[in-house]
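Chemist: In the working numbering, the protein residues as written are 242 to 398.
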Amino acid sequence: MAALPDLEASMRLALAEAELARRHGDVPVGAVLLDAEGAVLATGRNRREEDRDPTAHAEVVAIRAGAAVRGDWHLEDCTLVVTLEPCVLCAGAILAARIPRVVFGAWDEKAGAAGSVHELLRDRRLNHRVEVIPRILEQETGALLRDFFRGRRSELD
242 MAALPDLEAS MRLALAEAEL ARRHGDVPVG AVLLDAEGAV LATGRNRREE DRDPTAHAEV
302 VAIRAGAAVR GDWHLEDCTL VVTLEPCVLC AGAILAARIP RVVFGAWDEK AGAAGSVHEL
362 LRDRRLNHRV EVIPRILEQE TGALLRDFFR GRRSELD
C-alpha cells in the first residue's frame, strides 16, 4: 500500500467540499480521493438535495469521479478522505471499488459503518478489508456538522 499522504491537508480539502455542500443546502460532508502518490484524483460532496439523488453521498460522488478519471472502477491504490464516517451505502461503494484505505474526521454514531454502529469496512467475512484511520481533524469536522444541524433545528422552532 502507498505511503500515508498528508492527512490533515487532505482533510482540509474535504472540509472545503463539505462547506460547498452546506452552501447548496446539503448535509456538509466532503470527500477527497487520493492516488497512490497522494495527489488528488477526485473530490465529492453531498449532492442529495442538489441532484435529488439519494445515492449522491460525498464518498459515492468522489468514487464515481475517480473511476471516470481513471477509466476503471478498480481504485486499489487510492485513499479516500472524508469528513464523516462512511455509512452503509458508502462502505459498500468503498468495498466495491477496492479502496484500501479510508480516513475520516467525525464518527457517525447514528449511521456509521466503519466502527461506530456497523463494522463493514473491516469485516473478516468479506474478501476485501479496508484500513480505517479515524479522527483526523475530528473537532473541525464535527463542529461543521453540529452547527449545520443546530441551524436546521432552530429553523423548525
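Just so it is clear, CB atoms sit at the ideal spot from N, CA and C, and this is done for glycine as well.
At the level of alpha carbons, what is the spacing between residue 251 and residue 322?
Modeler: Within the sequence shown, the letter at position 10 stands for residue 251. Within the sequence shown, the letter at position 81 stands for residue 322. Their backbone Cα atoms lie some 7 Å apart in a straight line.
Chemist: Consult DSSP for residue 277 and reduce its assignment to one of helix, strand or coil.
Modeler: The count along the sequence shown starts at 1 and reaches residue 277 at position 36. Three-state result, residue 277: coil.
Chemist: Pick out whichever of 361, 368, 369 and 376 has its Cα sitting closest to the Cα of residue 347.
Modeler: Indexing the sequence shown from 1 puts residue 347 at position 106. Here the closest residue by C-alpha is 376.
Chemist: With residue 275 and residue 319 assumed to form a contact (beta carbons below 8 Å), what rounded beta-carbon distance in angstroms separates them?
Modeler: To locate residue 275, count along the sequence shown from 1; it is residue 34. To locate residue 319, count along the sequence shown from 1; it is residue 78. With 8 Å as the limit, residue 275 and residue 319 qualify as a contact, their Cβ atoms being about 6 Å apart.
Chemist: Classify residue 320 as helix, strand or coil using the three-state DSSP reduction.
Modeler: As a working mapping, residue 320 is identified with position 79 in the sequence shown. Strand.
Chemist: Residue 326 to residue 291, Cα distance in whole Å?
Modeler: By 1-based counting over the sequence shown, the position of residue 326 is 85. By 1-based counting over the sequence shown, the position of residue 291 is 50. When rounded, the separation of the alpha-carbon atoms in residue 326 and residue 291 is 21 Å.
Chemist: Helix, strand or coil for residue 382? Go by DSSP, reduced to three states.
Modeler: Position 141 of the sequence shown holds residue 382. If DSSP states are grouped into helix, strand and coil, residue 382 belongs with the helices.
Chemist: Contact defined as beta carbons within less than 8 Å: I believe residue 293 pairs with residue 315. What is the distance between those atoms, to the nearest angstrom?
Modeler: As a working mapping, residue 293 is identified with position 52 in the sequence shown. As a working mapping, residue 315 is identified with position 74 in the sequence shown. Actually they do not touch by this definition, with Cβ atoms about 29 Å apart.
Chemist: Would you mind working out which of 350, 324 and 368 sits nearest residue 344, comparing C-alpha positions?
Modeler: Reading the sequence shown from its first residue, position 103 is the one you call residue 344. The shortest Cα separation from residue 344 among 350, 324 and 368 belongs to 324.
Chemist: Could you pull out every residue in the same chain whose Cβ sits closer than 6 Å to the Cβ of residue 268, ignoring the five residues on either side in sequence?
Modeler: Here the question's residue 268 lines up with position 27 in the sequence shown. Counting only Cβ-Cβ distances below 6 Å, and skipping sequence neighbours, we find 287.
Chemist: Going by DSSP in three states, residue 268 sits in which element: helix, strand or coil?
Modeler: Counting from one through the sequence shown, the residue named residue 268 turns up at place 27. Residue 268 falls in the coil class under three-state DSSP.
Chemist: Applying the criterion that 16 or more other CB atoms from any shown protein chain within 10 Å of the CB defines a buried residue, is residue 310 buried or exposed?
Modeler: On the sequence shown, residue 310 is found 69 positions in, with the first residue counted as 1. So residue 310 ends up on the exposed side.
Chemist: What is the residue span of the alpha helix (DSSP H) that residue 346 lies within?
Modeler: On the sequence shown, residue 346 is found 105 positions in, with the first residue counted as 1. Element bounds for residue 346: not the alpha helix (DSSP H) but the beta strand (DSSP E), 342–347.
Chemist: So what's residue 326 in DSSP terms, helix, strand or just coil?
Modeler: In the sequence shown, counting from the first residue as 1, residue 326 sits at position 85. Coil, per DSSP.
Chemist: Any idea what DSSP makes of residue 306, helix, strand or coil?
Modeler: Indexing the sequence shown from 1 puts residue 306 at position 65. Note: residue 306 maps to helix in three-state DSSP.
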